[in-house]
Each structure stands twice: as C-alpha cells, then as structure tokens.
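Numbering (the numbering used here), first residue to last: 11 to 121.
So, in structure tokens, the structure goes:
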C-alpha cells in the first residue's frame, strides 16, 4: 500500500471556515559561510557499515548544493567513492589525513 502524502500540512486536518488557509512549515536554508569561517571536523566511523571504515566530514554550514559540491571535489581529488547524507560528507576508506590537508588547502578550518 502506498503512503499518502500529507502535502506539508501541519496541525489542522479539516476546517469548515471558508476563509481558512493551511499553514505550511518552510525551513529556510542557511546561507553558506565562507571557507575561512567554517569549522569542519573529520572523523573515522565504521558503526553500522558492516565493519567498513568511512571518513566523515561534519560541521558544514550552508546549502545542500554547496555541501554536495564539496563532497564531489573531495571524491574527485581522492579518487574514491562516497556520498552526502544528513549534512555530512561520507568518503569510503581511511583518508582522514589526506582530507584534512585538502580541506586546509581549500581554506577551511579543520580538526
């Protein structure tokens, strides 16, 4: 059975008022901070990944398009696979030192 889409409506299910308008929650996307203002963190993680090690870049403040662009640059420079999920860049393998050096070359502050 297919799930019914709620069209983003919150709170009121039905109203008899002819002048009632549904309110939609819109979360404004944050503007991307310049690279020198960003404080990124690079960690290694293997939980929930069948023992495979993944380098995770967290702490990016900005639009999802800019985060995907950063992820694409890192994957291309490292020559490995990865993805961008939940505001994090996931790079396959243990590339923590190389990611830190690449990000500092790009002008980011990295831990």
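Ideal placement from N, C-alpha and C gives every residue a C-beta, glycine not left out.
From the options, residue whose alpha carbon lies closest to that of residue i
i: residue 119; options: 50, 26 and 41; result: 50
i: residue 105; options: 90, 75 and 96; result: 90
i: residue 81; options: 43, 42 and 100; result: 100
i: residue 98; options: 111, 53 and 41; result: 53
i: residue 59; options: 92, 24 and 71; result: 92
i: residue 88; options: 38, 107 and 29; result: 107
i: residue 102; options: 74, 72 and 67; result: 67
i: residue 96; options: 29, 48 and 75; result: 75
i: residue 78; options: 48, 61 and 94; result: 94
i: residue 48; options: 55, 56, 65 and 69; result: 69
Same chain only: Cβ atoms within 7 Å of residue i, ignoring 5 sequence neighbours per side
i: residue 113; result: 50 and 120
i: residue 63; result: 54, 56, 103 and 104
i: residue 85; result: 91, 92 and 101
Close Cβ partners of residue i (< 6 Å) along its chain, the five nearest in sequence each way excluded
i: residue 117; result: 45 and 46
i: residue 29; result: none
8 Å Cβ shell around residue i - same chain, five flanking residues per side excluded
i: residue 40; result: 71, 72 and 73
i: residue 11; result: Because residue 11 carries a pLDDT of 46, less than 50, the predicted location of this residue cannot be relied on, and the following value inherits that uncertainty. Excluding residues within five positions, none has a Cβ falling inside 8 Å.
i: residue 43; result: 71 and 72
| message | In chain order, what are the residue ranges of uninterrupted beta strand (DSSP E) at least 3 long that sit wholly in the region 41 to 111? | response | Within the region 41 to 111, the runs of beta strand (DSSP E) that reach at least 3 residues and sit entirely inside it are, in chain order, 49 to 55, 64 to 68, 92 to 95 and 98 to 102.
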